């Protein structure tokens, strides 16, 4: 086993998504420590000290299990990534040369406040698969406690205060093993366990020791794994080949979920994340930078951030360097970049970018037969009464159907609404025949026996079906 650093090229694509996982929810809009939603920190992938977790419904470990097909002499590269919380306090300089802790320190460009910062940590190792076959391989790691002081200077260059950063010791271990499976192909079940092994216990620090804030600096925050095979491939946990499905079903992933990552179509890199993703996740090409609040939309965040008051921006800049970067990004974003964030429609890439592949999940959107089209479009002057669709009639199976006609509903032949499926086989009355600007025809109907049919007619709130979703019935 070695602990050499991994080639950046191996995990370059996967790391883009891994970075988003690492800092998901790190600081939320409006990016100020005083905001209520920024007072509860570290929500994803937090591995707490074992003595803290059971009594507080939090976890001290993650277990990743998946199936891999390594070739002979293959090696497995593992990279554990997490944030180590460091507590930052703010102290103001006194006239006698001493410093005193304060809740705020006002500067012309920012307001400094106490805050828990996150420093990125990595644990890297490379191990031959043959070594994993022989038994479990473990790699303990320690991140020692430390304290750092950063002077804060005023506009005149004098020291007006300082930031004191204290980091507690964090202990953990990586455990790996591989079990050959009884399959027609050479395949293994790989198990990777990440554990927080801190011996810290609640109340060990006095009154504050029982608080979650005391456990967090000893925790592994946003913990996730990057796995890479030098030769061979991993199997998808969501879409494995038929021969491997029983083995994949036996894999038990706890507090994390592995997906294929890296270049699209590749299978030699896996990201195991506390946030459930699909295979080959990617960052949207329109994204302009990290905004740390992925439950929102980049465009909304950029607009709202740009609209913050000057005082709010000063508070955000003093909260965290990453929050300050978001403020600067929103203030300097060119209009053409902001416009790029507005209304990206993936399904139209075939039209807007003919060279880009069209996702297989959208072919029906471009199917010319997907929408019923009459022989004469509604805007054609030859069309009968184009200005009054209520009097239109249409031929269905050789029968003229219009307002007052009875039809049998048969949804499900196309992309039907789930609620429409409950009306399969119901009789209905046509209230209107409507034509849209694309030439499609829609029948507005009310269901026979519906006690609210009269109200629907008064309000014009009908159910809509296309001609091939109904069959004519004999009119009453």
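Numbering (the numbering used here), first residue to last: 128 to 603.
In this text, a Cβ means the ideal position worked out from N, Cα and C, and glycines have one as well.
Just so it is clear, the structure is predicted and the values come from calculations on it, not from any experiment.
Exposure of residue i, with buried meaning 16 or more beta-carbon neighbours within 10 Å
i, result
"residue 345", "buried"
"residue 512", "At residue 512 the pLDDT is 45, less than 50, meaning the model places this residue with poor confidence; the figure from the coordinates comes in the next sentence. By the 10 Å Cβ count, residue 512 comes out exposed."
"residue 637", "Since the first and last residues shown for the chain are 128 and 603, residue 637 lies out of range."
"residue 524", "exposed"
"residue 443", "buried"
"residue 588", "exposed"
"residue 531", "exposed"
"residue 389", "buried"
"residue 355", "buried"
"residue 237", "buried"
"residue 562", "buried"
"residue 276", "exposed"
"residue 549", "exposed"
"residue 307", "exposed"
"residue 222", "exposed"
"residue 461", "exposed"
"residue 582", "exposed"
"residue 309", "exposed"
"residue 454", "buried"
"residue 347", "buried"
"residue 227", "exposed"
"residue 591", "exposed"
"residue 145", "buried"
"residue 539", "exposed"
"residue 325", "buried"
"residue 370", "exposed"
"residue 376", "exposed"
"residue 249", "exposed"
"residue 139", "exposed"
"residue 400", "buried"
"residue 556", "buried"
"residue 260", "exposed"
"residue 586", "exposed"
"residue 407", "buried"
"residue 313", "exposed"
Reduced DSSP secondary structure (H/G/I, E/B, other) of residue i
i, result
"residue 620", "Since the first residue of the chain shown is 128 and the last is 603, residue 620 is not available in this structure."
"residue 457", "helix"
"residue 319", "strand"
"residue 425", "helix"
"residue 196", "strand"
"residue 517", "Confidence is the limiting factor: at residue 517 the pLDDT is only 46, short of 50, which leaves the residue's position unreliable, though a coordinate-based value still follows. If DSSP states are grouped into helix, strand and coil, residue 517 belongs with the helices."
"residue 403", "coil"
"residue 227", "strand"
"residue 267", "strand"
"residue 298", "strand"
"residue 211", "strand"
"residue 343", "helix"
"residue 258", "helix"
"residue 351", "strand"
"residue 410", "coil"
"residue 190", "strand"
"residue 288", "strand"
"residue 282", "coil"
"residue 486", "Confidence at residue 486 is low in this model, with a pLDDT of 42, below 50, so the placement of that residue should be treated as unreliable; the coordinate-derived value is given next. Residue state, collapsed to three classes: coil."
"residue 593", "coil"
"residue 233", "strand"
"residue 277", "strand"
"residue 365", "coil"
"residue 588", "coil"
"residue 420", "coil"
"residue 569", "strand"
"residue 221", "coil"
"residue 336", "Summary for residue 336: the model assigns pLDDT 48, below 50, so the residue's position carries little reliability, and this model does not support an answer."
"residue 239", "strand"
"residue 432", "helix"
"residue 576", "coil"
"residue 446", "helix"
Heavy atom of the ligand NAP within 7 angstroms of residue i beta-carbon
i, result
"residue 267", "Of ligands this structure carries none, so the ligand NAP is not represented either."
Beta bridge counterpart(s) of residue i as assigned by DSSP
i, result
"residue 202", "255"
"residue 357", "Partner(s): none; residue 357 has no beta bridge."
"residue 250", "207"
"residue 384", "400"
* Asked: Counting Cβ pairs closer than 8 angstroms, one from the region 259-273 and one from the region 287-301, do we hit at least three?
  -> Cβ pair count under 8 angstroms is three or more, so yes.
* To do: Evaluate contact between the region 165-180 and the region 430-438, counting only Cβ atoms and requiring at least three cross-stretch pairs below 8 angstroms.
  => Result no; under three Cβ-Cβ pairs closer than 8 angstroms.
* Unbroken beta strand (DSSP E) runs of length 3 or more, entirely within the region 517-566: which are they? -> When DSSP assignments are scanned along the region 517-566, the uninterrupted stretches of beta strand (DSSP E) that are 3 or more residues long and fall wholly within it turn out to be 521-523, 526-528, 533-536 and 554-562.
* Asked: Any chance the region 392-407 sits against the region 225-234, with 3 or more Cβ pairs inside 8 angstroms?
  -> Touching, no, given that fewer than three Cβ pairs across the two stretches are closer than 8 angstroms.
* Do three or more CB pairs link the region 195-207 to the region 352-369 at distances below 8 angstroms? -> The region 195-207, when compared against the region 352-369, does touch it at the 8 angstroms Cβ threshold.
* Asked: With contact counted as at least three CB pairs below 8 angstroms, one residue from each stretch, are the region 279-286 and the region 314-323 in contact?
  -> Too few Cβ pairs lie closer than 8 angstroms, so no.
* **Whole alpha helix (DSSP H) elements within the region 135-170, 4-residue minimum** => The qualifying runs are 135-149.
* Looking at C-beta atoms only, is the number of pairs between the region 410-417 and the region 178-189 that lie closer than 8 angstroms three or more? -> For the pair of segments examined, the region 410-417 was found not to touch the region 178-189: the number of CB pairs separated by less than 8 angstroms stays below three.
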